[in-house]
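First residue of the sequence shown? That's 1 in UniProt numbering, and the numbers climb one at a time after it. Just so you know, even glycine gets a beta-carbon here, dropped at the ideal spot from N, CA and C. In this text, all values refer to a predicted model and were calculated from it rather than measured experimentally.
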Amino acid sequence: MSPKGLTVREMLKLPVMEHAQLISGERGLDRIVQYIDIWEVPDIGNWLREGEMVLTTGYSTRNDPSLLVEMIEQLAKVNGAGVAIKPERFIPHIPQEMIDKSNQYDIPIIQLPIGMAYIDITYHVMDQILNRQAVLLRRAEEVNKALTRLVLNNKGIQVVADNVSELIDSPIWIIGKAGEVLASSPEGYPYRSSGKHHQWEVSVDNKMLGKFVVEKRELNELDLMLIEQARLVFSLELMRNKIAKDTENRLRGTFFEELILNTVSDERVTASRGRQLGLSPEWLWEVAVVEADEPFYNEDSTVVTNIQAFIRKESAARKVRSQLQIHGGRIVLFLPSAKPSGQDRRIVDKDVPLPWCDALSGQLSSWEGVRMGIGRPGSLVEAHRSYGEARTAVSIGYRLNQERRMFTYMEVEMIHLLQESTDPARLNRFVEEKVGVLAEHDRTHGTNYVRTLYHYMATGGSLNETSLRMFIHRNSVNYRMDRIKSILGMDLNNPRCRFELYLCTTFYLINH
């Protein structure tokens, strides 16, 4: 039974149609009758509708039987239901061409007895149609109330999904904006995007929050009504989830902002607030700072969105909750890891995720124009310290090697300590004494000898490694080093000279 109307087959089974006879178009018996209309005027094409069952005596065609053929063609165009005709009064018989067109387009032709009144047909058929539509409306109201009650009683999106799936007798999925499965019924039913699935957007305030996907291929009018009600309910559920998530994100954002700005004064209070926000005190935290030539001001940029998606996916694999903040034009990442177990940590487990530093390094090339520093791991209350180290790492590291994108604090820790504990004026004089003449040569002749010397010292005097770092030929490095030795007049094989030149070129590059 179709809630939209009744089929021609069902119409013929009504008592009022007992003496009606199907003439042709038998393959169209499952067409849906939604309306009944009487045709006794020549023009027909302008008012026919989908689901129309036409009653006629053929009066308007008595002088032009071809109009009956045209009527069949017009019904086929609008997906009409069929035609019921009394041929004995004004036309002697049903034209064979009309019958042929009826079979061609599967438009049923029904012959009515000469004494049957139109009112008897229209009354009984429309009564059936209206009753079914009334049932449909009542069912829509019942479903709407039941699903809305689930939302109001805070049963959760999974319970709503299970009820909707049962109502339409089909597996369903609710898919988030990023393509993640928010709920499925049956729960855990695997989702694979398919062009065979039906799907509808789930929106709030004209913003798409997700998709409602139904596996069932054939949907009737009742299914579509249920789906429309379900879309509304899923919109309410996703809106509530969004509000709750936004509130939690604001609370977490404020919490992490405080960790950035201040050293923790009360460790117990901080740990307690972290637990309330779902942050385990057992996690180890690393803070990463992401910089670019242009500052970051909001979370809508492509780079921020891509980084957010990556750390969310990584965090899910590690079963932790990370955080991304925009602070001072930089992206700040709070990256937790579960503390390793007491087992031998030297054993490599393929299921253990890569360290955050390695995982992020593998992605940096796809995040164009950014560089990253990462601090040492520690407890949550040490996040302020790790944040400062991350900023130092990217600041010092990028000045020393602009071809790299990832810098750890451990790589620059000694330089940072010396920088912090040394009198700046005295250090500058020492640097000038050792490499000032080389820097002056660079300024005057447009050479790049100070940086070449730095990489040469940083790689332990390796011509090959220096050429790789500077993207120049090994012979060019060799030539430059000969010129550098000549300009400085120093013995680069002397360990003390090498140490001094490494430090002096480092501090020069940091400050220039």
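| task | Would you mind giving the Cβ-Cβ distance between Pro108 and Leu22, rounded to the nearest angstrom? I have them listed as a contact below 8 Å. | result | Numbered from its first residue, the sequence shown carries residue 108 at position 108. Numbered from its first residue, the sequence shown carries residue 22 at position 22. Taking C-beta atoms under 8 Å as the contact rule, Pro108 and Leu22 qualify, at a distance of about 6 Å.
| field | Residue(s) in a DSSP beta bridge with Lys211 | value | The residue labelled residue 211 in the question sits at position 211 within the sequence shown. Bridge partners of Lys211: Ile175, Glu201.
| On the three-state DSSP scale, how would you describe Gln325? | In the sequence shown, the residue the question calls residue 325 occupies position 325. Look at Gln325 here: in three-state DSSP terms it is strand.
| message | Using 8 Å for Cβ pairs, my map puts Leu509 next to Ile484. What's the rounded Cβ distance? | response | Along the sequence shown, read from residue 1 onward, the residue named residue 509 stands at position 509. Along the sequence shown, read from residue 1 onward, the residue named residue 484 stands at position 484. Between Ile484 and Leu509 the Cβ distance is about 15 Å, and since that is not below 8 Å, they are no contact.
| said: Determine whether the beta carbon atoms of Leu284 and Ala317 lie at a separation below 9 Å. | reply: Residue 284 sits at position 284 when you count from the first residue of the sequence shown. Residue 317 sits at position 317 when you count from the first residue of the sequence shown. In this structure, Ala317 does not lie closer than 9 Å to Leu284 by Cβ.
| said: Please state whether the Cβ-Cβ distance between Val214 and Ser280 is less than 9 Å. | reply: To locate residue 214, count along the sequence shown from 1; it is residue 214. To locate residue 280, count along the sequence shown from 1; it is residue 280. Result no, Cβ atoms of Val214 and Ser280 do not sit closer than 9 Å.
| query | Does DSSP put Glu142 in a helix, a strand or coil? | reply | One-based indexing of the sequence shown puts residue 142 at position 142. In this structure, Glu142 counts as helix in the three-state DSSP scheme.
| query | Which residues in the same chain as Ala292 place their Cβ atom closer than 6 Å to its Cβ, once the five residues preceding and following it in sequence are excluded? | reply | Within the sequence shown, the letter at position 292 stands for residue 292. Taken in chain order, the residues that qualify are Gly369, Val370.
| task | May I ask which residues mark the beginning and end of the alpha helix (DSSP H) holding Gly388? | result | Locating residue 388 in the sequence shown gives position 388, counting from the first residue. Residues 383-400.
| task | In angstroms with no decimal places, state the Cα-to-Cα distance between Phe234 and Leu147. | result | Position 234 of the sequence shown, counted from the first residue, corresponds to residue 234. Position 147 of the sequence shown, counted from the first residue, corresponds to residue 147. Here the C-alpha atom of Phe234 lies approximately 9 Å from the C-alpha atom of Leu147.
| request: Count the other C-beta atoms from every protein chain shown that fall within 10 angstroms of the C-beta of Asp344, then say buried if there are 16 or more, exposed otherwise. | output: The count along the sequence shown starts at 1 and reaches residue 344 at position 344. Only weak support is given to the placement of Asp344: the predicted model assigns it a pLDDT of 44, under 50, and the value that follows is read from those uncertain coordinates. By the 10 Å Cβ count, Asp344 comes out exposed.
| field | Coarse secondary structure for Glu52, derived from DSSP in three states | value | Position 52 of the sequence shown holds residue 52. Strand at Glu52.
| message | Taking 9 Å as the threshold (C-beta atoms), are Leu364 and Arg405 in contact? | response | In the sequence shown, counting from the first residue as 1, residue 405 sits at position 405. In the sequence shown, counting from the first residue as 1, residue 364 sits at position 364. Yes; because the gap between Cβ atoms is below 9 Å, this pair is in contact.
| task | Give every residue of the same chain whose Cβ lies closer than 7 Å to the Cβ of Gln229, excluding the five residues on either side of it in the sequence, and list them in chain order. | result | Here the question's residue 229 lines up with position 229 in the sequence shown. Contacts found: Ala140, Val143, Asn144, Leu147.
| request: Could you check what DSSP says for Arg89 in three-state terms: helix, strand or coil? | output: For the purposes of this step, residue 89 is taken as residue 89 along the sequence shown, with counting starting at 1. Here Arg89 sits in coil by DSSP.
| Excluding the five sequence neighbours on either side, which residues of its own chain have a C-beta within less than 8 Å of the C-beta of Asp30, listed in chain order? | Locating residue 30 in the sequence shown gives position 30, where the first residue counts as 1. Excluding sequence neighbours, Asp30 sits near Thr7, Val8, Arg9.
| message | Just to confirm, is the Cβ distance from residue 555 to Met470 under 9 Å? | response | Only positions 1 to 512 of the chain appear in this structure, which leaves residue 555 out of reach.
| field | Same chain, Cβ closer than 7 Å to His473, five either side skipped, listed in chain order | value | By 1-based counting over the sequence shown, the position of residue 473 is 473. Contacts found: Ser467.
| task | Would you mind giving the Cβ-Cβ distance between Ser185 and Asp162, rounded to the nearest angstrom? I have them listed as a contact below 8 Å. | result | As a first step, residue 185 is located in the sequence shown; it is residue number 185 there, counting from the start. As a first step, residue 162 is located in the sequence shown; it is residue number 162 there, counting from the start. Indeed, because the Cβ distance is near 5 Å, the residues count as touching under 8 Å.
| With contact counted as at least three CB pairs below 8 Å, one residue from each stretch, are the segment 62-71 and the segment 92-100 in contact? | yes
| task | Using the Cα positions of Arg240 and Glu187, report the straight-line distance between them to the nearest angstrom. | result | Here residue 240 is taken as the residue at index 240 of the sequence shown, counted from 1. Here residue 187 is taken as the residue at index 187 of the sequence shown, counted from 1. Computed Cα separation, rounded: 21 Å.
| task | May I have the straight-line CA-CA distance separating Thr17 from Ile121, to the nearest angstrom? | result | As a first step, residue 17 is located in the sequence shown; it is residue number 17 there, counting from the start. As a first step, residue 121 is located in the sequence shown; it is residue number 121 there, counting from the start. Going by the sequence as given, residue 17 is Met instead of Thr. Whole-angstrom Cα-Cα distance: 8 Å.
| query | In three-state terms, what does DSSP make of Leu279? | reply | Counting from one through the sequence shown, the residue named residue 279 turns up at place 279. The three-state reading of DSSP puts Leu279 in coil, since its state is none of H, G, I, E or B.
| said: With a threshold of 6 Å on Cβ separation, who are the neighbours of His198 within its own chain once the five nearest residues in sequence on each side are excluded? | reply: The count along the sequence shown starts at 1 and reaches residue 198 at position 198. Cβ neighbours of His198 beyond the five flanking positions: Val214.
| task | Evaluate Pro190 with the Cβ neighbour count: other Cβ atoms within 10 Å of its Cβ, from every protein chain shown; 16 or more gives buried, anything less gives exposed. | result | For the purposes of this step, residue 190 is identified with residue 190 of the sequence shown, where counting begins at 1. Looking at its Cβ environment, which holds fewer than 16 other Cβ atoms inside 10 Å, Pro190 is exposed.
| query | Where His455 and Glu500 are concerned, what is the direct C-alpha to C-alpha distance, given to the nearest angstrom? | reply | Within the sequence shown, residue 455 is the residue found at index 455, counting from 1. Within the sequence shown, residue 500 is the residue found at index 500, counting from 1. Approximately 14 Å, taken between the alpha carbons.
| said: Is it buried or exposed, Thr302, if we count other Cβ atoms within 10 angstroms and call 16 or more buried? | reply: Numbered from its first residue, the sequence shown carries residue 302 at position 302. Thr302 comes out exposed.
| field | Cβ distance (whole Å) where Ala76 is taken to contact Tyr105 below 8 Å | value | The residue labelled residue 76 in the question sits at position 76 within the sequence shown. The residue labelled residue 105 in the question sits at position 105 within the sequence shown. That pair is a contact at about 4 Å.
| message | Buried or exposed for Leu506, going by 16 or more other Cβ atoms inside 10 Å? | response | Within the sequence shown, numbered from 1, the residue matching residue 506 stands at position 506. Checking the sequence shown, residue 506 turns out to be Thr, not Leu. Under this definition Thr506 is a buried residue.
| Relative to the alpha-carbon of Asp358, which residue among Arg275, Ala439, Glu314, Arg321 has its alpha-carbon at the smallest distance? | The sequence position of residue 358 within the sequence shown is 358, counting from 1. The option with the nearest alpha carbon to Asp358 is Glu314.
| request: Name, in chain order, the residues that DSSP records as bridge partners for Leu22. | output: Here residue 22 is taken as the residue at index 22 of the sequence shown, counted from 1. DSSP lists Ile110 as partners of Leu22.
| said: Run through the DSSP bridge pairs and tell me what Arg371 is partnered with. | reply: As a position in the sequence shown, residue 371 is number 371, starting the count at 1. In DSSP, Arg371 forms a bridge with Glu291.
| Option nearest Glu294 by Cα separation, candidates Ile331, Ile307, Ser60, Leu418 | Locating residue 294 in the sequence shown gives position 294, where the first residue counts as 1. Per the Cα distances, Ile331.
| field | Inter-residue CB distance, Gly115 and Phe90 (contact presumed, cutoff 8 Å) | value | On the sequence shown, residue 115 is found 115 positions in, with the first residue counted as 1. On the sequence shown, residue 90 is found 90 positions in, with the first residue counted as 1. Actually they do not touch by this definition, with Cβ atoms about 15 Å apart.
| Once you ignore the five residues that flank Gly397 on each side, which residues in its own chain have a CB closer than 6 Å to its CB? | Mapped onto the sequence shown, residue 397 falls at position 397. Contacts found: Phe407, Val412.
| Once you ignore the five residues that flank His327 on each side, which residues in its own chain have a CB closer than 8 Å to its CB? | In the sequence shown, the residue the question calls residue 327 occupies position 327. These residues qualify, in order along the chain: Glu257, Ile260.
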